[in-house]
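A.B. asks: Below: one structure in structure tokens.
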Amino acid sequence: MFGFYSAYNLATHHQIRYNWHIFFKDSVMTSFNPVSPKQNFSELEDNITKFWKEAKIFEKSIEQRSPDDKYVFYDGPPFITGTPHYGSLLPSIAKDVIPRYWTMNGKQVERKWGWDCHGLPIENKVEEKIGLKNRRDIEKFGIGNFIAECYKYTTETSAEWKWYVDKIGRWVDFDNSYKTMDQDYMESVIWVFKQLWDKDLVYKGTRVSLFCTRCGTPVSNFEIAMDNSYADMEDPAVTVKFPIDVKNSPAELLKKNSELNGAAILAWTTTPWTLPSNRALVVDEKETYVIANVQKLNIELERGWLVKELPKDLTKHKSSQITQAYLEDYVDEDGNKPKHARIRKQDNRHTFTLKYFAGDQKEKGQLIEKTEEISKEKYVELIKQASKKIVKTRYYYPLSDKLTAEIDLYKNNLEGLVVAEVEFSNLKIENEFKVPSWFGKEVTDSNGIYPPFIAEMSLEEVNKINEEYVQEPHNYEKEVQVEKVVLAKKRVETVLGDLDYEVLKELKGADLVGLSYTPPFDYFPPNENDMKVYSYKGMVTMEEGTGIVHSAPGFGEIDTEMGEHYGLTLMLAVNDEGKFIDAVKDYAGIYIKKADPIITEDLTKRDLMFKAEKITHRYPFCYRCKTPLIQKAQASWFLKVHELKDKLLETNENINWVPDHLKQGRFKKGIEQAPDWCISRTRYWATPMPVWQCQGEYDKTARVVLVHGNGATSPEDLKT
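For what it's worth, the working numbering labels the leading residue of the sequence shown as 36, then goes sequentially.
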């Protein structure tokens with residue numbers, strides 16, 4: 036029924052015979068009833084289970100063995116909120132085999148079922164039941180009330196578990212099961228804490244760890260060790276300009292490398308929200324870096340043609356069905372009227388795009404585009420408000436390794452209009468471009484190819500506009516902006532490869548150390564060590580980014596370590612809800628992920644954004660509420676894993692691992708790389724830590740070692 040019959044029979048066959056013999060060893064019965072070869076296996080299993088229970092076979096397998104010859108088997112309890120599934124039942128069968136084996140070898144093996152009743156799984160269920168959204172709601176509801184609700188919820192165990200465990204033939208004592216919220220169990224946990232404290236293996240410290248902004252609590256590395264704690268996530272990948280502060284940089288360094296005057300250091304990050312907390316830039320002192328002049332255009336370098344003949348293989352290439360409409364009188368939340376407010380359905384994706392001119396919002400300068408995903412329902416709502424609509428099929432036709440033509444075949448009132456547009460990354464590629472023979476008249480700046488202008492026209496009206504249009508050659512040179520930038524030599528082709536650039540000078544990372552720079556934000560006053568270039572081992576990679584790291588101590592383990600080493604200011608611009616604090620006045624109260632595009636836009640307007648892209652990478656999520664985790668410094672209690680590593684590695688060598696490669700592989704490496712373990716949680720439904728604070732000093736005791744003259748008391752009911 037569940038695919039476990041073979042494992043079931045393996046685990047039970049010899050045990051059935053053995054226990055049958057024990058049960059009837061003093062009986063006169065010497066034979067068995069005949070068994071029909073035609074069996075209903077489900078019915079047979081139920082009959083065996085019934086016999087085991089009525090004859091108390093499991094209980095006798097324990098009672099008839101000496102308590103002086105025990106085999107102790109620990110089985111981690113499932114969450115009381117959980118229901119059985121394949122991933123829990125399969126190991127449950129494996130865990131049944133081991134106690135049976137040692138029982139057959141004469142050992143007394145007690146097997147007591149347990150329930151994990153504490154932690155976020157229970158809190159999350161209770162929050163859903165009451166209608167609470169986060170930790171702040173719990174505090175408003177009342178912590179005592181919330182704990183009482185958690186206790187009430189955990190008094191009802193899952194009836195499904197017992198049925199499934201019986202069904203797979205596992206022997207375990209359900210009637211005397213323990214719960215992690217039991218008083219004696221919590222006392223045992225507190226006793227363990229006391230032993231660790233006496234051995235100086237526990238400490239309170241501020242350290243960066245994974246943090247869930249929804250639950251408002253740290254999450255340990257052990258809790259996200261499983262693959263289902265990670266998921267692909269799209270994040271911004273921005274390259275930001277940090278102008279060198281010539282006034283505050285060492286004069287000798289600038290004299291030796293005069294090309295640094297007027298240059299900006301390029302740093303890459305996937306967390307724009309950490310930029311308000313920037314305190315340093317980090318290089319690899321042994322790597323080679325370059326100072327380069329880069330030509331960038333302030334406008335999109337895109338040209339358009341009417342298509343006189345479609346390529347024969349056009350339909351073999353990728354295409355999209357596009358419906359887009361425009362909101363003519365749209366005004367954003369800040370009262371600005373964008374150049375375009377467009378809603379678009381492209382295949383099954385729905386988006387809302389606003390296009391602004393940078394700076395003062397007037398019709399000049401670089402266009403800034405803000406696009407967000409919207410629901411199908413929102414799209415339907417907005418399109419009803421739109422007055423101009425375009426329908427077309429777009430083909431993505433490759434012209435070369437670097438160039439793709441977007442060929443739009445218009446429909447409805449514009450059936451017959453075919454336009455090809457090509458976007459160029461730099462002037463060099465644009466100048467070298469050879470127009471395909473099947474392209475027709477160039478109409479780059481003609482009103483006859485651009486929505487929303489042509490949305491309500493007929494094909495004849497559009498054709499007339501394009502026929503009368505005379506294409507003027509562009510002088511793109513006057514739009515070119517030359518920027519002087521600093522980045523790693525090994526990253527030049529990746530970062531600057533699609534731009535016109537000239538390397539002015541090469542220098543070592545060590546030659547950059549000590550430079551001062553102007554940060555993108557000045558919400559927090561710097562100390563004398565902040566806003567400088569440093570080198571720190573293991574922090575810089577040449578595999579991604581620019582080879583220069585933006586560092587925000589408090590939002591990364593190695594960043595914080597480096598910050599402590601160099602005496603940098605730790606400025607936590609984000610609270611436990613993942614929102615910016617009041618000091619970050621431009622983004623105060625905004626959740627960090629929502630702030631990312633706003634920060635990117637602001638830096639673009641201020642000409643501090645060198646490149647803004649997207650990246651899809653594996654990202655850790657809270658294993659309970661599925662919120663993206665961040666790295667954040669906080670005060671917590673830690674177990675000194677680093678002092679136990681030698682003993683852990685020694686013990687690992689004595690474990691019979693199956694499969695054996697785990698011993699020297701994943702498990703050993705996990706021990707070697709393990710940081711100190713964060714054992715405290717800023718939550719409510721758990722075993723309380725036996726910590727009393729008095730006059731700034733910490734004192735600990737456990738109920739099992741009650742007072743010892745120190746005046747500490749232990750509550751009779753630990754859950755309250």
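Note that CB positions come from ideal geometry on N, CA and C, so glycine has one too.
1) Rank L539, K351 and Y504 by C-alpha distance to the C-alpha of K519 and give the top, closest one.
2) Can you check DSSP and say which residues form a bridge with E210?
3) For K525, which residues of its own chain have a beta-carbon under 6 Å away from its beta-carbon, when the five flanking residues on both sides are left out?
4) Three-state secondary structure (DSSP) at A376?
5) So S355 packs on D382, CB below 8 Å; how close in whole Å?
6) Identify the residues that DSSP records as bridge partners of M644: which are they?
7) Does the Cβ-Cβ distance between L444 and P471 come in under 8 Å?
8) Is E496 helix, strand or coil when you go by DSSP?
9) Across which residues does DSSP place R338 in a beta bridge pair?
10) Per DSSP, what kind of secondary structure is G149 in: helix, strand or coil?
11) If you draw a straight line from the alpha carbon of Y658 to that of T189, how long is it in whole angstroms?
12) Would D436 be called buried (16 or more neighbouring beta carbons within 10 Å of its own) or exposed?
13) Give the C-beta separation of L301 and T581 to the nearest angstrom, bearing in mind that I take them to be a contact with Cβ-Cβ under 8 Å.
14) So, V568 versus L550, is the Cβ gap smaller than 8 Å?
15) Can at least three beta-carbon pairs, one atom from the region 333-350 and one from the region 452-464, be found at a separation below 8 Å?
16) Work out the CA separation of Y571 and K239 for me, nearest whole Å.
17) Are three or more beta carbon pairs between the region 303-311 and the region 586-600 nearer than 8 Å?
18) Tell me which same chain residues have a C-beta within less than 8 Å of the C-beta of A630, skipping the five on either side of it?
19) Tell me the rounded alpha-carbon separation between E685 and D235.
20) Give the list of continuous beta strand (DSSP E) stretches no shorter than 3 residues that lie fully inside the region 503-538.
21) Should K667 go down as buried or exposed, given a rule of 16 or more other Cβ atoms within 10 Å for buried?
22) In or out: H585 buried (at least 16 other Cβ within 10 Å) or exposed?
23) Kindly provide the ranges of any alpha helix (DSSP H) runs that are 4 or more residues long and lie completely inside the region 157-242, ordered along the chain.
24) Classify P307 as helix, strand or coil using the three-state DSSP reduction.
25) Using a Cβ-Cβ cutoff of less than 6 Å, which residues in the same chain neighbour E477 once the five nearest sequence positions on both sides are dropped?
26) Under 8 Å between the Cβ atoms of K390 and K374?
27) Going by DSSP in three states, K614 sits in which element: helix, strand or coil?
28) Just to check my reading of the structure: T252 and R701 have Cβ atoms closer than 8 Å, yes? What is that Cβ distance to the nearest angstrom?
29) Let me know if L15 comes out buried or exposed under the rule of 16 or more other beta-carbons within 10 Å of its beta-carbon.
C.D. replies: If we stick to the structure as given:
1) Taking the first residue of the sequence shown as 1, we reach residue 519 at position 484. Among L539, K351 and Y504, the Cα nearest to that of K519 is on L539.
2) Translated into the one-based positions of the sequence shown, residue 210 becomes position 175. This sequence places Asp at residue 210; Glu is not what is there. Paired residue(s): none; D210 is not in a bridge.
3) Position 490 of the sequence shown, counted from the first residue, corresponds to residue 525. Closer than 6 Å at Cβ, skipping near neighbours: M577.
4) Mapped onto the sequence shown, residue 376 falls at position 341. Here A376 sits in strand by DSSP.
5) Working through the sequence shown from its first residue, we reach residue 355 at position 320. Working through the sequence shown from its first residue, we reach residue 382 at position 347. Confirmed, Cβ separation roughly 5 Å.
6) As a working mapping, residue 644 is identified with position 609 in the sequence shown. Bridge partners of M644: V275.
7) Here residue 444 refers to the residue found at position 409 of the sequence shown. Here residue 471 refers to the residue found at position 436 of the sequence shown. Against a cut-off of 8 Å, the Cβ pair of P471 and L444 comes out as no contact.
8) Locating residue 496 in the sequence shown gives position 461, counting from the first residue. Three-state DSSP puts E496 in a helix.
9) The residue given as residue 338 occupies position 303 in the sequence shown. Paired residues: V457.
10) Taking the first residue of the sequence shown as 1, we reach residue 149 at position 114. G149: strand per DSSP, three-state reduction.
11) One-based indexing of the sequence shown puts residue 658 at position 623. One-based indexing of the sequence shown puts residue 189 at position 154. C-alpha separation (whole angstroms): 20 Å.
12) If you number the sequence shown from 1, residue 436 lands on position 401. When all chains shown are included, D436 counts as exposed.
13) As a first step, residue 301 is located in the sequence shown; it is residue number 266 there, counting from the start. As a first step, residue 581 is located in the sequence shown; it is residue number 546 there, counting from the start. Confirmed, about 4 Å.
14) The sequence position of residue 568 within the sequence shown is 533, counting from 1. The sequence position of residue 550 within the sequence shown is 515, counting from 1. Using a Cβ distance threshold of 8 Å, V568 and L550 count as a contacting pair.
15) yes
16) Numbered from its first residue, the sequence shown carries residue 239 at position 204. Numbered from its first residue, the sequence shown carries residue 571 at position 536. Those two C-alpha atoms are separated by around 26 Å.
17) The region 303-311 and the region 586-600 touch, with no fewer than 3 CB-CB distances between them shorter than 8 Å.
18) The sequence position of residue 630 within the sequence shown is 595, counting from 1. Answer for A630: P307, W308, F615 and Y622, listed in chain order.
19) Position 650 of the sequence shown, counting from 1, holds the residue named residue 685. Position 200 of the sequence shown, counting from 1, holds the residue named residue 235. For E685 and D235, the distance between alpha carbons rounds to 21 Å.
20) 515-523
21) Here residue 667 refers to the residue found at position 632 when the sequence shown is read from its first residue. Buried.
22) Mapped onto the sequence shown, residue 585 falls at position 550. The residue is buried, with at least 16 neighbouring Cβ atoms inside 10 Å.
23) 170-176, 178-189, 194-202 and 218-233
24) Here residue 307 is taken as the residue at index 272 of the sequence shown, counted from 1. Three-state DSSP puts P307 in a helix.
25) For the purposes of this step, residue 477 is taken as the residue at position 442 of the sequence shown. Excluding sequence neighbours, E477 sits near W340 and Q506.
26) The residue you call residue 390 lines up with position 355 of the sequence shown. The residue you call residue 374 lines up with position 339 of the sequence shown. Contact flag set, yes.
27) Counting from 1 along the sequence shown, the entry for residue 614 is found at position 579. Strand at K614.
28) Locating residue 252 in the sequence shown gives position 217, where the first residue counts as 1. Locating residue 701 in the sequence shown gives position 666, where the first residue counts as 1. The beta carbons of T252 and R701 sit about 27 Å from each other, so the pair does not count as a contact at 8 Å.
29) Outside the displayed span of the chain (36 to 755) sits residue 15, for which this structure offers no information.
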